[in-house]
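Report on the following structure.
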Amino acid sequence: MQTTFKKLSYRDKCATVYRKNSLVFRFISSQYEPAYRKLMKSGLYKHLTEEGLLVCHEEVEAPGSLGERQDDFQTVIKPCKIPFISYPYEWCFSQLKDAALLTLRIQKLALAYGMTLKDANAWNVQFHGGKPVFIDTSSFEIHEEGSPWSAYGQFCRFFLLPLVLMSKCEPRLNSLLLAYPDGIPLDIGIKLLPLSTWLNPSLIGHLAVTAFMNAHYRKSEGHGSDSKQRVKLQQLLNVLNDLEDTISNLRLKQEDSVWSAYYKDNAYSPKAFAAKEEIVQRILVQSKRKKIWDLGANTGHYSRLASPHADMVLAMDYDALCVENNYLALKKQGKSNILPLLMDCTAPSPALGWALLERLSLPERGPCDLLMALALIHHLVIGRSINLEEVAAYMAKLGQELIIEFVPEDDSQVELLRKQKAGVCQTYNQTAFEEAFCSHFVLIDKQVIADSKRMIYHFVRLSGDR
Numbered sequence: 001m002q003t004t005f006k007k008l009s010y011r012d013k014c015a016t017v018y019r020k021n022s023l024v025f026r027f028i029s030s031q032y033e034p035a036y037r038k039l040m041k042s043g044l045y046k047h048l049t050e051e052g053l054l055v056c057h058e059e060v061e062a063p064g065s066l067g068e069r070q071d072d073f074q075t076v077i078k079p080c081k082i083p084f085i086s087y088p089y090e091w092c093f094s095q096l097k098d099a100a101l102l103t104l105r106i107q108k109l110a111l112a113y114g115m116t117l118k119d120a121n122a123w124n125v126q127f128h129g130g131k132p133v134f135i136d137t138s139s140f141e142i143h144e145e146g147s148p149w150s151a152y153g154q155f156c157r158f159f160l161l162p163l164v165l166m167s168k169c170e171p172r173l174n175s176l177l178l179a180y181p182d183g184i185p186l187d188i189g190i191k192l193l194p195l196s197t198w199l200n201p202s203l204i205g206h207l208a209v210t211a212f213m214n215a216h217y218r219k220s221e222g223h224g225s226d227s228k229q230r231v232k233l234q235q236l237l238n239v240l241n242d243l244e245d246t247i248s249n250l251r252l253k254q255e256d257s258v259w260s261a262y263y264k265d266n267a268y269s270p271k272a273f274a275a276k277e278e279i280v281q282r283i284l285v286q287s288k289r290k291k292i293w294d295l296g297a298n299t300g301h302y303s304r305l306a307s308p309h310a311d312m313v314l315a316m317d318y319d320a321l322c323v324e325n326n327y328l329a330l331k332k333q334g335k336s337n338i339l340p341l342l343m344d345c346t347a348p349s350p351a352l353g354w355a356l357l358e359r360l361s362l363p364e365r366g367p368c369d370l371l372m373a374l375a376l377i378h379h380l381v382i383g384r385s386i387n388l389e390e391v392a393a394y395m396a397k398l399g400q401e402l403i404i405e406f407v408p409e410d411d412s413q414v415e416l417l418r419k420q421k422a423g424v425c426q427t428y429n430q431t432a433f434e435e436a437f438c439s440h441f442v443l444i445d446k447q448v449i450a451d452s453k454r455m456i457y458h459f460v461r462l463s464g465d466r
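Taking the UniProt record's numbering, the leading residue of the sequence shown gets 1, the next gets one more, and so forth.
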């Protein structure tokens, strides 16, 4: 078990975040102490946490030695634990949109209490209980009357521009945040926008202001400027209201992707579909798990089946419209323990940032208690040319238990994939599948899906295999 502190933040002089075991601590510097005290005493913290906009915390004693010199702090806080840390390049359009509207709501409330957000990047938002929540308690500073919003340009790079690109061009373009962790540069983003975008004066106005700020306030980098221009509070609120309206009115193009209508037109007869549900349900009810991950979740049918049997379900799919539809449906249904994420399991999110420590890879955020991979294996082995042994080894890294569906060689979907590949394919048959997975897992049970040749396997990972 980890007994020393692991540093999680590197850029903020106001506070440093550490993890010890499963707990996270934020060490508030003496430099930031006056702003922190205003946040706590002004009523802003109470207002934000009661609305569920800001993660709540408790003040604690400094928990032991940090293993490095850290004398310049007066207060240590322990934030409420977020079950799973996700990143903006893993979100669908509506998740990023909700995170943007959350940030604007917080900035408006902060101004009402004489404070402001000095950071408005998407890294400061997480999803908890089905909703976005702001997690950076040390992003609030005392507002100086007449000052502009120093994080305005940052907000546009992290939220406005990515959302416009996703809305007008392609719903996966938030993946640019992988390459640009300080937000999508304006000069690059504008080149990708269609001409029709320029007919929206409000949108172009915000992008023009951001360009002006980039040209004149490079030294400040979103943390204050040397401008002597005074901005009235109402002017600030007008800008925030206009941003709110602009973002609220952005929509994705309404169209089906290859996979978003999968459940309407799939490879199962009604009898087979019901039988598959019954087999999976029988495994799920055996015990309550803390974390279940659903790989290739599509629009989340089996994630919903799993949700009563887990504290938290991660529904991952590489199809942006599937993730979008899943997220919107979950919001409407009020289901709070399923988190849809945009994730290609053959190219999952890597570790990023300084020394690869600021953003964690998918395996580093695991393992889960139970991994589900239904109607997926043939896409990995035949469609993506990954051999069975590699698939089994990787899944053993991700989960302690595994529910996986084997799709046989003579299945129509396998035959279609082979035709599409039209070349050398990896070895794919039931014997090879069982050999590969039994080298990393113990087989608990396997059952044929009625009215189908497909099979559901239930495995438990071998001790020490991770």
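Idealized CB from N, CA, C, for every residue including glycine.
- Of the residues assessed, R26 falls on the buried side of the cut-off, its CB having 16 or more other CB atoms within 10 angstroms.
- A320 sits buried, since 16 or more C-beta atoms from the chains shown fall within 10 Å of its C-beta.
- Within the region 163-202, no beta strand (DSSP E) run of at least 3 residues lies entirely inside it.
- By the neighbour-count definition (other C-beta atoms within 10 Å, threshold 16), S307 is a buried residue.
- Of the candidates S147, A110 and A100, A100 places its Cα closest to the Cα of C156.
- In the structure shown, W123 adopts helical secondary structure according to DSSP, grouped into three states.
- For the pair I404 and I444, the CB atoms are not nearer than the 8 Å cut-off.
- Take the alpha-carbon of A267 and the one of R454: they are about 10 Å apart.
- Contact between the region 183-202 and the region 104-111 is absent, with fewer than three C-beta pairs closer than 8 Å.
- Here DSSP, grouped into helix, strand and coil, assigns T246 to helix.
- Looking from the CA of E141, the closest CA among T16, A35, Q413 and A375 belongs to A35.
- Check the Cα spacing between R461 and each of E59, K81 and L402: the tightest is with L402.
- Relative to A297, the option among L339, S287, G334 and K332 whose CA is nearest is L339.
- Contact between the region 415-423 and the region 234-246 is not established, with fewer than three Cβ pairs separated by less than 8 Å.
- Annotation: the continuous alpha helix (DSSP H) that includes H301 extends over H301 to A306.
- A Cβ-Cβ distance of about 5 Å is found for the pair D294 and M372, placing them in contact under the 8 Å criterion.
- Between L163 and I82, the C-beta spacing is not below 8 Å.
- DSSP places I82 outside both helix and strand once states are collapsed to three, so it counts as coil.
- Straight through space, the alpha carbons of F84 and E170 are spaced by roughly 26 Å.
- According to the DSSP secondary-structure assignment, A15 is paired through a beta bridge with I28.
- Taking the Cα of H143 as reference, the smallest distance to any Cα among V125, M115 and K131 is reached at M115.
- Under the DSSP definition of a beta bridge, R461 partners with F441.
- Here Q74 carries a strand assignment [DSSP, helix/strand/coil].
- The three-state reading of DSSP puts R359 in strand, counting E and B together.
- Closest option to V133, judged by alpha-carbon separation, among K168, K97 and A112: K97.
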